[in-house]
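Engineer: There's a structure below that I have some questions on.
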DNA sequence: AGGAAAACGGAGCATTGCTCCACTTAATAT
DNA sequence: ATATTAAGTGGAGCAATGCTCCGTTTTCCT
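Chains as they are written, first to last, in the UniProt record's numbering: chain A, 1 to 193; chain B, 1 to 193.
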């Protein structure tokens, strides 16, 4: 129920052209609205911006998480793909891990409210949670394993816990110059050694 | 606007007995409801439980944060007071810091949704944020300073950032056996050394 | 007791999530 | 080209919740 084609692109929508057109309109509108109002923006507003009815949004994206996922799919994908590349290119596995986490944090930090949504136990976001995890957990695990094997860090840290923690640390950084998640994340990483 | 007597007890309510009685009824009801439904529970429900109208709650506690603060005041106070005591009794300043953080985490973790509320940028919780910070930040700062002076940890970590991070890490641990904030917090503390 | 001030309570408005269903439209069959 | 039908659409409507307004009730003071 989370998504669709297990390893694939978002569904092209039905075969009907109006369906495809509307789907895209919603995606575009959502992307715009998310920037200004965060991923919690009222569905009504997105519908209005897209020039469609609310039901159309719910039909294409049954839960809010589905919509958010679809909007950010490319970026999540990019982040996932960066993992192996960094592992190959960086000076050390630990360095690869650090750089990858930087990437991940950048992503979360620039999307208003995304981190909040990610940790939410709200049912509406369950699918978002799933997608992030399904896609990024293996990557994180791989980096973690490599760093352990290289002796850079101690074994025993679970990818899930690490990613969850990083996500949490990214919450609510907005409008608060006193709080920079990156510093704490660096500290956390340091504690891993 | 956050609270009342700067360094003191909660206001006794007005002089009128019905006001005092109702205030206490609300506090009791809120405490019960918070346990089962979290600090986000509908005001209506608290009002019903207390046997008062909603306006009465809003009159006594203008914002939700005021109510939450009042309910947990004693425990916040206890946590604040534990700081200096631990510093005196523990084996090392670092150990005092660790124990104090344990106390703080216990507090957050046992209050359903408190951590979420604490980090929220929602205006309704601004006062909660303030109160926590006003009361606990100096304590944390003191512990941190002592640990730095003893050479246990490096200088440069801001109390605000640390507490904020710990609070964030405590978010959403409920119903998720895979996520234990304490492990990550230990890691963070380790990174401080 | 009498009256003023304080407190009260719930109806009411606004916002938002989500659903239901009568209508419209695109694809297809004839 | 037209008719048929299934897919798609939109917005009214209901429920939950936050917060306020104001007529009524209670308390306290003299």
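Every residue gets a Cβ at the ideal spot worked out from N, C-alpha and C, and that includes glycine.
I want to verify the contact list: residues of chain A whose CB lies under 8 Å from the CB of residue 161 of chain B, in sequence order.
Structural biologist: Along the second chain, one-based indexing puts residue 161 of chain B at 161. Within chain A, the residues near residue 161 of chain B are 178, 179, 180, 183, 184.
Engineer: In its own chain, which residues sit with a C-beta less than 7 Å from the C-beta of residue 141 of chain A, not counting the 5 before and 5 after it?
Structural biologist: On the first chain, position 141 is the one that residue 141 of chain A refers to. Counting only Cβ-Cβ distances below 7 Å, and skipping sequence neighbours, we find 159.
Engineer: Cutting at 7 Å between CB atoms, please list the residues of its own chain near residue 7 of chain A, excluding the five before and the five after it.
Structural biologist: Start at 1 with the first residue of the first chain, and residue 7 of chain A comes out as number 7. Low per-residue confidence applies at residue 7 of chain A: pLDDT is 43, beneath 50, and the placement is therefore not dependable, though the value from the model is reported in the following sentence. Taken in chain order, the list of residues that qualify is empty.
Engineer: Where do the N-terminal and C-terminal ends of the alpha helix (DSSP H) with residue 179 of chain A fall, by residue?
Structural biologist: The count along the first chain starts at 1 and reaches residue 179 of chain A at position 179. From DSSP, residue 179 of chain A is part of no alpha helix (DSSP H); its letter is neither H nor E.
Engineer: Does the beta carbon of residue 164 of chain B sit closer than 7 Å to a beta carbon anywhere in chain A?
Structural biologist: Taking the second chain and counting its residues from 1, one reaches residue 164 of chain B at position 164. Interface residue, yes.
Engineer: Just to make sure I have the definition right: I need the residues of chain B whose C-beta is within less than 7 Å of the C-beta of residue 121 of chain A. Which are they?
Structural biologist: In the first chain, the residue the question calls residue 121 of chain A occupies position 121. Within 7 Å Cβ-Cβ: 172, 174, 175.
Engineer: Give the DSSP-derived three-state secondary structure of residue 157 of chain B in the structure shown.
Structural biologist: For the purposes of this step, residue 157 of chain B is identified with residue 157 of the second chain, where counting begins at 1. Here residue 157 of chain B sits in coil by DSSP.
Engineer: Assuming residue 169 of chain A contacts residue 168 of chain B (C-beta within less than 8 Å), just tell me the rounded distance between them.
Structural biologist: For the purposes of this step, residue 169 of chain A is taken as the residue at position 169 of the first chain. For the purposes of this step, residue 168 of chain B is taken as the residue at position 168 of the second chain. Right, the Cβ-Cβ distance comes to about 5 Å (below 8 Å), so this counts as a contact.
Engineer: Could you check the C-alpha separation between residue 79 of chain B and residue 136 of chain B for me, to the nearest Å?
Structural biologist: Taking the first residue of the second chain as position 1, residue 79 of chain B is located at position 79. Taking the first residue of the second chain as position 1, residue 136 of chain B is located at position 136. When rounded, the distance between both Cα atoms is 8 Å.
Engineer: Quick check: the Cα distance between residue 180 of chain B and residue 154 of chain A, rounded to an integer number of angstroms?
Structural biologist: On the second chain, position 180 is the one that residue 180 of chain B refers to. On the first chain, position 154 is the one that residue 154 of chain A refers to. Looking at the two C-alpha atoms, the distance is approximately 18 Å.
Engineer: Which residue from B/178, B/150, B/112, B/18 puts its Cα closest to that of residue 91 of chain B?
Structural biologist: Numbered from 1 along the second chain, position 91 holds the residue referred to as residue 91 of chain B. Per the Cα distances, B/150.
Engineer: Given a cut-off of 7 Å, decide if residue 26 of chain B and residue 50 of chain B are closer than it, judged by their beta-carbon atoms.
Structural biologist: As a position in the second chain, residue 50 of chain B is number 50, starting the count at 1. As a position in the second chain, residue 26 of chain B is number 26, starting the count at 1. For residue 50 of chain B and residue 26 of chain B, yes; Cβs fall inside 7 Å.
Engineer: Are the CB atoms of residue 38 of chain B and residue 129 of chain B nearer to each other than 7 Å?
Structural biologist: Position 38 of the second chain holds residue 38 of chain B. Position 129 of the second chain holds residue 129 of chain B. Not in contact: residue 38 of chain B and residue 129 of chain B (Cβ atoms no closer than 7 Å).
Engineer: Based on Cα-Cα distance, which residue from B/175, B/127, B/28 lies nearest to residue 69 of chain B?
Structural biologist: Start at 1 with the first residue of the second chain, and residue 69 of chain B comes out as number 69. Residue 69 of chain B has its Cα closest to that of B/127, out of B/175, B/127, B/28.
Engineer: Please list, in chain order, the chain A residues whose beta carbon lies closer than 7 Å to that of residue 190 of chain B.
Structural biologist: Numbered from 1 along the second chain, position 190 holds the residue referred to as residue 190 of chain B. Those are 191, listed as they occur along chain A.
Engineer: When the cut-off is 7 Å and only beta carbons count, does residue 197 of chain A lie next to chain B?
Structural biologist: Residue 197 of chain A is absent from the structure shown; chain A starts at 1 and stops at 193.
Engineer: By Cβ distance, which residues of its chain are closer than 6 Å to residue 46 of chain A, with the 5 residues on each side in sequence left out?
Structural biologist: Here residue 46 of chain A refers to the residue found at position 46 of the first chain. Counting only Cβ-Cβ distances below 6 Å, and skipping sequence neighbours, we find 29, 30, 33.
Engineer: Please confirm if residue 108 of chain A has its CB atom under 7 Å from at least one CB of chain B.
Structural biologist: Within the first chain, the letter at position 108 stands for residue 108 of chain A. False, the Cβ-Cβ gap to chain B never drops below 7 Å.
Engineer: How many Å lie between residue 107 of chain B and residue 188 of chain B at the Cα?
Structural biologist: For this step, residue 107 of chain B is matched to residue 107 along the second chain. For this step, residue 188 of chain B is matched to residue 188 along the second chain. One C-alpha to the other measures close to 19 Å.
Engineer: Does the Cβ of residue 105 of chain B have 16 or more other Cβ atoms within 10 Å, making it buried, or fewer, making it exposed?
Structural biologist: Here the question's residue 105 of chain B lines up with position 105 in the second chain. Result: buried.
Engineer: From which residue to which residue does the alpha helix (DSSP H) around residue 28 of chain B run?
Structural biologist: The residue you call residue 28 of chain B lines up with position 28 of the second chain. Unbroken alpha helix (DSSP H) run through residue 28 of chain B: 17-37.
Engineer: Quick one: list the residues of chain B neighbouring residue 169 of chain A, beta-carbon separation under 8 Å, in chain order.
Structural biologist: Looking up residue 169 of chain A in the first chain gives position 169. Those within 8 Å of residue 169 of chain A in chain B are 165, 168, 169.
Engineer: Determine the extent of the alpha helix (DSSP H) in which residue 148 of chain B is found, giving its start and end residues.
Structural biologist: By one-based count along the second chain, residue 148 of chain B stands at place 148. Element bounds for residue 148 of chain B: 126-149.
Engineer: Does the Cβ of residue 194 of chain B have 16 or more other Cβ atoms within 10 Å, making it buried, or fewer, making it exposed?
Structural biologist: Shown here, chain B extends from 1 to 193; a query on residue 194 of chain B therefore has no answer.
Engineer: By the three-class DSSP mapping on this structure, what secondary structure does residue 105 of chain B have?
Structural biologist: Position 105 of the second chain, counted from the first residue, corresponds to residue 105 of chain B. Reduced to three states, the DSSP call for residue 105 of chain B is helix.
Engineer: Under the three-state reduction of DSSP, which class applies to residue 167 of chain A: helix, strand or coil?
Structural biologist: Sequence index remark: in the first chain, residue 167 of chain A carries index 167 (1-based). In this structure, residue 167 of chain A counts as helix in the three-state DSSP scheme.
Engineer: Run down chain B in chain order and give the residues with a C-beta less than 7 Å from the C-beta of residue 128 of chain A.
Structural biologist: Sequence index remark: in the first chain, residue 128 of chain A carries index 128 (1-based). Chain B residues near residue 128 of chain A: none, gap ~13 Å exceeds 7 Å.
Engineer: Hey, would you say residue 86 of chain A sits closer than 7 Å to residue 75 of chain A, going by beta carbons?
Structural biologist: For the purposes of this step, residue 86 of chain A is taken as the residue at position 86 of the first chain. For the purposes of this step, residue 75 of chain A is taken as the residue at position 75 of the first chain. Contact flag unset, no.
Engineer: Which residues in the same chain as residue 114 of chain B place their Cβ atom closer than 7 Å to its Cβ, once the five residues preceding and following it in sequence are excluded?
Structural biologist: Taking the first residue of the second chain as position 1, residue 114 of chain B is located at position 114. Only 39, 108 meet the Cβ criterion.
Engineer: Considering Cα atoms alone, identify which of B/43, B/36, B/171, B/56 is closest to residue 23 of chain B.
Structural biologist: For this step, residue 23 of chain B is matched to residue 23 along the second chain. It is B/56.
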